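Asks: For reference, the structure I am asking about is given below.
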Amino acid sequence: MERLNQIGIDLSSEKNLNRLLENIVTRVRGFTNCDAGTLYRVNEKKQTLSFEIMQTESTGYYAGGTTENKISLPPVPLFVDGEPNHSNVSAHVCVTKEIVNIPDVYEAEGFDFTGPKKYDEKTGYRTESMLVVPMLDHSDKVIGVLQLINALSPEGEHMPFPSRFESMVRSLASQAAVAINNALLIAEIENLFKALVHYTVKAIDARSPHTAGHSSRVAKLSKRIAQDINLQQFGPFADIHFTDDQIEEVWVAGIMHDVGKIGVPEAILEKRNKLDGAKFDRVLERFDHIRDMMLMRAAVDNATHGKPLRDLSDGLKQQLQEWEEDREFILWVNKPGFLAPEKKEHLDAIAAKTFLDIDGNEQPYIEPLEFENFSVVKGNLTDEERKQIKQHVVETSKLLNKLPFTEKLRRVPEYAGSHHEWINGKGYPKGLKGDEIPLVSRIMCVADVWDALTAQDRPYKPPIPPDKSVEILRSAAEHEEFDKDVVELFVSHRLWEKKPGEISEFADDEND
Ligand SMILES: [Fe+2]
Ligand SMILES: [Fe+2]
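Just so we're aligned, residue 496 is where the sequence shown starts under my numbering, counting upward by one.
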């Protein structure tokens, strides 16, 4: 009884379905001391029993579950022509909820054992005794069938299953059924949570074409890096192992790392030039107006002096030439890039210029806010805009800290909130250094930057090819911005490439 209880307790702690199914067969075989066992699960929709786990200890045959061996046997129908399938022993047990205990299948009557016999013929195995038990859950519903084969005597000889096992195995099978239901329920809730997060974040990302799909790619890449770290037996990551739960935590932190961007105005997220759209059009229109005013005033002047209207003085020609150069310069300076000191002087000179508008009022060529934007030395964002963008990670932390994450996702807010920290302490928001930054955040930092560099969907810049992006990552690692070991692993194992056999959990993930 004690062993029985212990097995029940152990089973209820396994939340991974495949491992759980495997454990059930192994533990029940151990308990009854039998050579082989098969676990079937009921497929309610199709009304069949599907093979989930097959184990034969004496031949070393293990299939289904977490093994590489897939079971190709067709499912067993529970009904044939609308009638319960009593000829197959497992189907019979499933539909009647009765236990079947057979000393020797070759001498048994009433069931069709051509399946096991064919198997014996092919493999030289001898199927003899069989104990077939329904797996009833808390509501007395059959969710599977356990088929145990060849009980062994202390000498290792095949023997019938003692009848005293029947009720014990029945109880064990039911505990296993409850454990399976729990595992399925937890998996369902987790899948719902993940899908909810995935699609919510997708919607946030889609606000800007610059970031569409970014978060799910960062989540996927981060998870891949963590999984690759698990494979390392030598080097800096030899002693680091992420459990399955921790890998999930990496994914969730990855997918949520930029949720704080919901608070950043779209105009900033989408900003391509120093001034965009109408704001820049206003500058160009003003320039046109400046030229028109020059020409108009010259024409009026000519008229009052009796000269032909279109006569241009040398002074005016000079002014128009300058105007042309200034306009060209404004077009150039509006593009993101580097503003060298001599270029800044030209900008200052333009900013100092004024003209008389139609009412005779003195107006600047460019307004203070325009000047501030054009004065950006690197890129296209002003200090204030940069501050607002950086604020997204603070907002991410605030938002995630409010969510009641489960114990195993406890560190998601911390991980997500540190994805812009740098090893040298020059990152943000906290300026953490080296090991103060959690490894998961250091992983996410690399995945994040990689995606920003190589993304196809940023309209303001073409994607940077992988070899060039690798150089950028390495140089940032050299400057102690990113974690050197993570970068080296990522680069040397080419982790941005999808590995064969890797599957996406979300159908639309591939298009991200
Ligand atoms: Fe970010
Ligand atoms: Fe990001």
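Where is the CB? At the ideal position from N, CA and C, for every residue including glycine. From a predicted model like this one, the values you see are computed outputs, not experimental measurements.
Taking DSSP as the reference, what is the three-state secondary structure of E857?
Replies: Along the sequence shown, read from residue 1 onward, the residue named residue 857 stands at position 362. E857: strand per DSSP, three-state reduction.
Asks: Give me the DSSP bridge partner(s) of F833.
Replies: Position 338 of the sequence shown, counted from the first residue, corresponds to residue 833. Bridge partners of F833: K873.
Asks: Which residues, in chain order, sit with a beta-carbon under 7 angstroms away from any heavy atom of ligand 1?
Replies: Matched residues: H752, D753, H887, V888, H914, H915 and D943.
Asks: Report yes if the C-beta distance between S507 and A674 is below 7 angstroms; otherwise report no.
Replies: In the sequence shown, counting from the first residue as 1, residue 507 sits at position 12. In the sequence shown, counting from the first residue as 1, residue 674 sits at position 179. Cβ distance < 7 angstroms, so S507 and A674 count as in contact.
Asks: Assuming I968 and W945 form a contact by the criterion Cβ under 8 angstroms, report the distance between their Cβ atoms to the nearest whole angstrom.
Replies: Translated into positions along the sequence shown, residue 968 becomes position 473. Translated into positions along the sequence shown, residue 945 becomes position 450. For the sequence presented, residue 968 should be read as Leu rather than Ile. Contact flag correct, Cβ pair sits at about 7 angstroms.
Asks: Considering only the alpha carbon of each residue, which of L512, P611 and F606 lies closest to T562?
Replies: Taking the sequence shown and counting its residues from 1, the one referred to as residue 562 is at position 67. Ranking L512, P611 and F606 by Cα distance to T562 puts L512 first.
Asks: Can you find the residues in the same chain that come closer than 8 angstroms, C-beta to C-beta, to P760, ignoring five residues on each side of it along the sequence?
Replies: Residue 760 sits at position 265 when you count from the first residue of the sequence shown. Excluding residues within five positions, the ones whose Cβ falls inside 8 angstroms are Q883.
Asks: Whose C-beta lies closer than 7 angstroms to the C-beta of P908 among residues of the same chain, with five residues either side of it excluded?
Replies: Sequence index remark: in the sequence shown, residue 908 carries index 413 (1-based). S892, L895 and N896.
Asks: In whole angstroms, what is the alpha-carbon distance linking D1007 and H693?
Replies: Residue numbering aside, residue 1007 sits at position 512 when the sequence shown is read from its first letter. Residue numbering aside, residue 693 sits at position 198 when the sequence shown is read from its first letter. Residue placement at D1007 cannot be trusted, given a pLDDT of 49 that sits under 50; what the coordinates show is reported in the next sentence. Going by the C-alpha atoms only, they are around 12 angstroms apart.
Asks: Looking at G755 and V888, is the spacing between their C-beta atoms short of 7 angstroms?
Replies: Residue numbering aside, residue 888 sits at position 393 when the sequence shown is read from its first letter. Residue numbering aside, residue 755 sits at position 260 when the sequence shown is read from its first letter. In this structure, G755 lies closer than 7 angstroms to V888 by Cβ.
Asks: When the Cα of P957 is compared with those of E867, N528, S662 and R767, which residue comes out closest?
Replies: Along the sequence shown, read from residue 1 onward, the residue named residue 957 stands at position 462. When each option's Cα is compared against that of P957, the closest is R767.
Asks: Is it true that the region 597-604 meets the region 561-580, where meeting means three or more beta-carbon pairs spaced less than 8 angstroms apart?
Replies: Contact fails: fewer than three Cβ-Cβ distances are below 8 angstroms.
Asks: Hey, D632 and N686: beta-carbon distance below 7 angstroms or not?
Replies: Residue numbering aside, residue 632 sits at position 137 when the sequence shown is read from its first letter. Residue numbering aside, residue 686 sits at position 191 when the sequence shown is read from its first letter. No. Outside cutoff.
Asks: If you reduce the DSSP assignment to three classes, tell me which class Q727 lands in.
Replies: Here residue 727 refers to the residue found at position 232 when the sequence shown is read from its first residue. If DSSP states are grouped into helix, strand and coil, Q727 belongs with coil.
Asks: I believe Q642 touches V627 by the beta-carbon criterion, under 8 angstroms. Please report the beta-carbon distance rounded to the nearest angstrom.
Replies: Here residue 642 refers to the residue found at position 147 when the sequence shown is read from its first residue. Here residue 627 refers to the residue found at position 132 when the sequence shown is read from its first residue. With 8 angstroms as the limit, Q642 and V627 qualify as a contact, their Cβ atoms being about 5 angstroms apart.
Asks: Ends of the alpha helix (DSSP H) at M939?
Replies: In the sequence shown, counting from the first residue as 1, residue 939 sits at position 444. Per DSSP, M939 belongs to the alpha helix (DSSP H) from L934 to T949.
Asks: With DSSP run on the structure shown, which of helix, strand or coil describes D930?
Replies: By 1-based counting over the sequence shown, the position of residue 930 is 435. The answer is helix: DSSP assigns D930 an H, G or I state.
Asks: Name the DSSP bridge partner or partners of I959?
Replies: Stepping through the sequence shown from its first residue, residue 959 is reached at position 464. The partner list for I959 (beta bridge, DSSP) is empty, contrary to what the question assumes.
Asks: To the nearest angstrom, how far is it from the Cα of Q951 to the Cα of V778?
Replies: Taking the sequence shown and counting its residues from 1, one reaches residue 951 at position 456. Taking the sequence shown and counting its residues from 1, one reaches residue 778 at position 283. Distance between the alpha carbons of Q951 and V778: 31 angstroms.
Asks: DSSP has M625 in a bridge; who is on the other side?
Replies: In the sequence shown, residue 625 corresponds to position 130, counting from 1. Per DSSP, I597 and I644.
Asks: Might you give, ordered along the chain, the residues of its own chain that have their beta carbon closer than 8 angstroms to the beta carbon of Q722, omitting 5 neighbours on each side?
Replies: In the sequence shown, the residue the question calls residue 722 occupies position 227. Closer than 8 angstroms at the Cβ level, and outside the excluded window around Q722, lie F737 and I742.
Asks: Would you mind stating whether K656 and N580 have Cβ atoms separated by less than 7 angstroms?
Replies: Along the sequence shown, read from residue 1 onward, the residue named residue 656 stands at position 161. Along the sequence shown, read from residue 1 onward, the residue named residue 580 stands at position 85. The amino acid at residue 656 is misidentified as Lys; the sequence shows Phe. No, they are not a contact pair.
Asks: Could you give the DSSP three-state label for P908: helix, strand or coil?
Replies: For this step, residue 908 is matched to residue 413 along the sequence shown. Helix at P908.
Asks: In three-state terms, what does DSSP make of S913?
Replies: Reading the sequence shown from its first residue, position 418 is the one you call residue 913. Correct three-state label for S913: coil.
Asks: Checking contacts by CB at 7 angstroms: is A707 closer than that to chain C?
Replies: Included in the structure is just one protein chain, with no chain C present.
Asks: Measure the alpha-carbon distance for F688 versus T706 and round it to whole angstroms.
Replies: Counting from one through the sequence shown, the residue named residue 688 turns up at place 193. Counting from one through the sequence shown, the residue named residue 706 turns up at place 211. Between F688 and T706, the C-alpha separation is close to 22 angstroms.
Asks: Taking only three categories from DSSP, how would you classify A844?
Replies: Here residue 844 is taken as the residue at index 349 of the sequence shown, counted from 1. Three-state DSSP puts A844 in a helix.
Asks: Under 8 angstroms by Cβ, that's how I've got K769 and N868 pegged, so tell me the actual separation to the nearest angstrom.
Replies: If you number the sequence shown from 1, residue 769 lands on position 274. If you number the sequence shown from 1, residue 868 lands on position 373. Confirmed, about 4 angstroms.
Asks: Does T562 come out as helix, strand or coil in the three-state DSSP assignment?
Replies: As a working note, residue 562 is residue 67 in the sequence shown. Three-state result, T562: coil.
Asks: Rounded to a whole number of angstroms, what is the C-alpha to C-alpha distance between V584 and T543?
Replies: To locate residue 584, count along the sequence shown from 1; it is residue 89. To locate residue 543, count along the sequence shown from 1; it is residue 48. For V584 and T543, the distance between alpha carbons rounds to 13 angstroms.
Asks: DSSP three-state label for I918, please.
Replies: As a position in the sequence shown, residue 918 is number 423, starting the count at 1. In this structure, I918 counts as coil in the three-state DSSP scheme.
Asks: Short of 8 angstroms in beta carbon distance, which residues of its chain neighbour G758, apart from the five on each side in sequence? Order them along the chain.
Replies: As a working mapping, residue 758 is identified with position 263 in the sequence shown. Counting only Cβ-Cβ distances below 8 angstroms, and skipping sequence neighbours, we find Q886, H887 and E890.
Asks: What separation, rounded to the nearest whole angstrom, lies between the Cα atoms of L667 and K903?
Replies: In the sequence shown, the residue the question calls residue 667 occupies position 172. In the sequence shown, the residue the question calls residue 903 occupies position 408. Answer to the nearest angstrom: the Cα atoms are 29 angstroms apart.
Asks: Please name the residue or residues paired with F546 in a DSSP beta bridge.
Replies: Along the sequence shown, read from residue 1 onward, the residue named residue 546 stands at position 51. Paired residues: Y535.
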